[in-house]
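As you go down the protein sequences, you meet chains A and B in turn. Going by numbering that gives the first Met the number 0, the residue at position 9 of the first sequence is 8; the numbering climbs one at a time, nothing skipped. Going by numbering that gives the first Met the number 0, the residue at position 83 of the second sequence is 82; the numbering climbs one at a time, nothing skipped. For glycine and all other residues, C-beta sits at the position ideal for the given N, C-alpha and C. Predicted model, so just to flag it, every value in this text is computed and none were measured. Have a look at the structure below, then the notes.
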Amino acid sequence: MEQNKDAPPKLGEKLLKFFLPKGESESVAGDYEELYTEISQTRGKSRAYVWYWGQIIKSIWTGITVYVWWSFTMLKSYLKVALRNLKRHKIYALINISGLAIGMACCVLILLWINDEIRYDRFHKQNKNLYRVLNDLNYGPYAQLTDGTAYPLGPAIKEEIPEVEEIVRLLPTRKILVAYGEKRFYEENFIFADPSLFTIFTFPFIQGDPQTALSSPSSIVITQDMALKYFGSKDPIGKTLQTQNQNDYIVTGVLDSIPKNSRLQFGFVGSIERAVAMGARTHWSGWLYDTYVLLQPNTSFEEVNAKLEAWIETKGIEESRYYLQPLVDAHMYGLQGEGAIRPLSLFSTLALLILMIACINYMNLATARGGTRAKEIGLRKVVGAKKNNILRQFLSESVLFALFALLVSIILVALFLPVFNQISGKELGMNLVQNKFLFLAILGIILLTGILAGSYPAFFLSSFQPDRILKGTLTTKKIGMSTASIRKGLVVCQFILTIVLLISTTTVYRQMSFIKNRGLGFEKNHLIYTQLRSEGNLWERYDAKKTWTKYDTLKNELSQNPNVLDVSSATCLPFGSMGKEFGQLDWDGKDPEYQVTMNHMAVDPNFIKTFQLKMIEGRFLSEEFPSDSQNFVLNDAAIKATGLESPVGKRFRLLDKTGIIAGVIKDFHFAPLHEEIEPLVFHMMPYQYWMYRNYVFVRISADNISRTIASIENMWDKAIPEYPFEFHFLDDTIDARYRKEQRLETILRIFTFLAISISCFGLFGLIAFTAEQRTKEIGIRKVLGASVGNVVRLLSKEFIILVILANIIAWPVAYFWMAKWLKNFAYRTEIGLGTFLFSGFAALVIAILTVCFQSIKAALANPVDSLRYE
Amino acid sequence: MKTISRREEQILIAIWNLKESAYLLAIKNHLSKIMETDWSVGAIHKPLMKLEKEGLVESYLGEATAKRGGRSKKIYQVSKLGLDALKTIKKEHDVLWAKFPAIKKV
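The following block contains the structure:
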């Protein structure tokens, strides 16, 4: 057949066919084409074209108005009926809305948190092209993925790889004393950086010029907060700040406060040249620096990584593999899985589960009580409603409930946000409307909840057959019964979740108290420590000798206070960072091939007394034996690592010290219980290479702690006036290492509480409904002589069986989850049967209490009331 | 008998008159000519669909022309039911109109 020369536009034809009824779209489209051809032949092509499109637009418009008008009209009716129902059955509405509101409040809180986390580092204008350099280090004990890179790396890659536009190196410091006149504070947020810091990142200046602010080694840029802290209302520019009582810096710029959601947090920025001048390591094995890279726009960083790898190989660097990680991923994924994503995914799962429990309540109550709506559905169907309309009706009803719940949940969120901030360690605000992501996400939660909760009841209710309903063969009770098994299944699901949470909370609680109560091998209470000089990096050691010499003076002073029991010093802090050595170790009969990493710390002889450690063999290092300055004491783990049979008296070498093993000390914990106790070597203070990390430990008596500390401060100020006194309790420091677990414990506890409450709401609603349905039955039973106990048993029995069933399923699930979690700890409590029995029993008791309250009420009712209308 | 509207009645008669050439456009043109108004396609199609659904008309696919982009015409014919309906209407009309005086020019 020949082609029609005057064929109508293709797109129009497709649209037309879309609107035509399925069976005849072909022939009618043909009719239209014929008419089009006719018009185009008689009145011109353009007329035909306009006519054709006019027809289409008309049909679309009519379609829409008819559809929208009628949908709206019906929606109005649906909502009206929903509101009437809500008003008539207030208890059920209360159970549903409060449960959903709590579930949604959890979700909204977690959403606020997610929103905060994903916006990390996004405020940098060039964030899409910013990367941090990671270092996959393979160097003895330091084999790990780190962000520490070498000094020459940055400039080298900028030169070698053309896609790299700019780099910046940052050198963090640990804690530095910063002084302006009388104002002296220890600061942890002092960094050194290349001047490019201010050009590639977005840190706006309030005063000073970003281009030249760091051009001189003596310059320093501070943030607004720090300017206020040190200079008050005075103009900070040109003022001199002194660090460590010896290094002067002139303020050349003031930055706006660093946003909270920046991974780079600092208050002071010195020039990196200054750090180098002071002795910061600049060779290829000094992995002290963070390197960030700005790539040219639209560059693939994978390609740059490939180039980087090839270049590292030609350079012959063996111990490091460098590669780029997008800046915005750095916060989310971290280095060793410590990124934000893990707690977030756990807590969002928990929040969704809570919401799920609430949705199950809605489903159960809606289907159980479906009978009360049966007549309405039957009538609607008789007047012409199709299954689809009924479906839509009940879905819009559940979305309406979700909407109400959301309003309540917003109030809950506003109330509990401060508490939540305290737990999560965040400072979240409620700007739900300004933020597009949050707004859409909350809209999503409403729809998700509405559909999740409403779809099953909607399908169930819309399948009623109108004739059977209206004839009366399909009674309310029959409708309720027909879904009973599904409802039971859902109740079991709720209680599985609840019991798993209960068991987990109990286990985590038990592990935490295990940690708290476990003897660490030393007495951690009433032990305070202070640093003889603030801990700096290797290159800031000039001052060490000066304060070091004052230790003896300080010690003598302190010993005169009767409340000071013991004083000692060491190079490292237990539960802080330890010195590690793996190459320069040797002992009698060591296999030259054998490699082991040992922790080591130099201590003074009083350490054993101050920490109350116990010896297994030999003696501790002592001033009475002059040769002990070269001797060692090893812990039990270290002896096991060496494999020595009778270790005391054997030769041992660590770094440049060679001596004998004077004694073996009993293992004690110097790291969190996640790890096995590692080998540890003690040697004598003073030790020249480590004296810059000098901790003083003071054991004080339990009485008058505040007075003792005040007097220690007094003595410190006399002995070492250059440095302000700062102290910590060792047990606080130890506790801080378990912050992650503590947070888990708190959050699990809250979620468990919510899960139990919402499940019980649901159970309460179900039993109330069952009792209402069986009023007459109960009345008859009582008339015939049933006791209250009989009736209570009758009503409660099935629910109790469900909770027991839930226990059976929940136990293995909880066991596997908790066994996995406990594997994080080398030292852990057992998951005993007791935990399971306790949790299962607790769930059962709570369920029984909920059920009994209602069933006793039903059982006590006077049968005359329920039967008199018969 | 099903009640049908005046429009449906007109369409039924048009189909009856047009015989084998009674497809959508032909019906439209036929009626437009008689009524002296330009009827839209939809105005015919919608009642046609209803008539077909109620079994008053039947349809089969007819010839295809190039003008139609090679698509078959859908040819309608009045079914037994439709014919009965027309007959009834005709009978009722005749009775109703019998007593009506001849319309004089006023």
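query, result
"Nearest-angstrom Cα separation, counted from A:Gly285 out to A:Asp135", "14 Å"
"Assigned secondary structure, A:Trp112 (DSSP; H/G/I helix, E/B strand, else coil)", "helix"
"Through-space distance from A:Ile96 to A:Phe400, alpha-carbon basis", "6 Å"
"Reduced DSSP category for A:Arg280 - H, G, I as helix; E, B as strand; rest coil", "coil"
"Beta strand (DSSP E) segments (min. 3 residues) lying fully within the region 647 to 699 of chain A", "650 to 653, 656 to 664, 679 to 683 and 694 to 699"
"Closer than 7 Å at the beta carbon, the chain B residues around A:Thr36", "Lys66"
"Residues near A:Lys549 in its chain [Cβ-Cβ closer than 7 Å; skip 5 each side]", "Ala718 and Ile719"
"Local conformation of A:Asn634 per DSSP, three classes", "strand"
"Short CB-CB distance (under 8 Å) between A:Ser26 and chain B", "yes"
"Under 8 Å between C-beta atoms of A:Val899 and A:Leu294", "Residue 899 of chain A is absent from the model: chain A starts at 0 and stops at 869."
"Cβ pair A:Val412, A:Leu620 closer than 8 Å", "no"
"Proximity below 8 Å, CB of A:Thr609 to CB of A:Ser567", "yes"
"A:Gly428 - DSSP class collapsed to helix/strand/coil", "coil"
"Segment limits, beta strand (DSSP E) that includes B:Ser58", "Val56 to Ala63"
"Closer than 8 Å at the beta carbon, the chain B residues around A:Tyr31", "Val40"
"A:Met614 and A:Val563 closer than 8 Å at C-beta", "no"
"A:Leu557 beta carbon less than 8 Å from that of A:Val697", "yes"
"N- and C-terminal bounds of the beta strand (DSSP E) containing A:Ala178", "Ile175 to Tyr179"
"Status (buried if at least 16 other CB within 10 Å, exposed otherwise) for A:Ala47", "buried"
"Neighbour flag for B:Lys72 against chain A, beta carbons, 8 Å", "yes"
"C-beta neighbour in chain A for B:Met34, strict 8 Å", "no"
"Nearest-angstrom Cα separation, counted from A:Ser270 out to A:Val167", "11 Å"
"C-beta neighbour in chain A for B:His44, strict 8 Å", "yes"
"8 Å Cβ cut-off: residues of chain A touching B:Leu60", "Ser26"
"Cα-Cα separation between A:Val782 and A:Pro862, rounded to whole angstroms", "7 Å"
"A:Val595: first and last residue of the uninterrupted alpha helix (DSSP H) it sits in", "A:Val595 -> no alpha helix (DSSP H), and no H or E assigned at all."
"Sequence-distant residues of the same chain with beta carbon closer than 7 Å to A:Leu447, five excluded per side", "none"
"Beta-carbon spacing of B:Ile43, B:Leu23 below 8 Å", "yes"
"Beta-carbon proximity list for A:Arg703, same chain, < 7 Å, skipping 5 on both sides", "The residue you asked about is not Arg; residue 703 of chain A is Asn in the sequence shown. Asn562, listed in sequence order."
"The region 766 to 785 of chain A in contact with the region 811 to 829 of chain A per 3-pair CB rule at 8 Å", "no"
"Inter-residue Cα distance where the pair is A:Leu729 and A:Asp120", "34 Å"
"Backbone secondary structure at A:Asn536 - three-state DSSP", "Confidence at A:Asn536 is low in this model, with a pLDDT of 44, below 50, so the placement of that residue should be treated as unreliable; the coordinate-derived value is given next. Coil at A:Asn536, not helix or strand."
"B:Leu24: contacting residues in chain A (beta-carbon distance under 7 Å)", "Asp30, Glu33 and Leu34"
"For A:Ile845 and A:Cys759, believed in contact at Cβ under 8 Å, the rounded distance", "6 Å"
"A:Ile527: first and last residue of the uninterrupted beta strand (DSSP E) it sits in", "Leu526 to Gln530"
"is_contact[A:Ala47, chain B] using C-beta, thresh 8 Å", "no"
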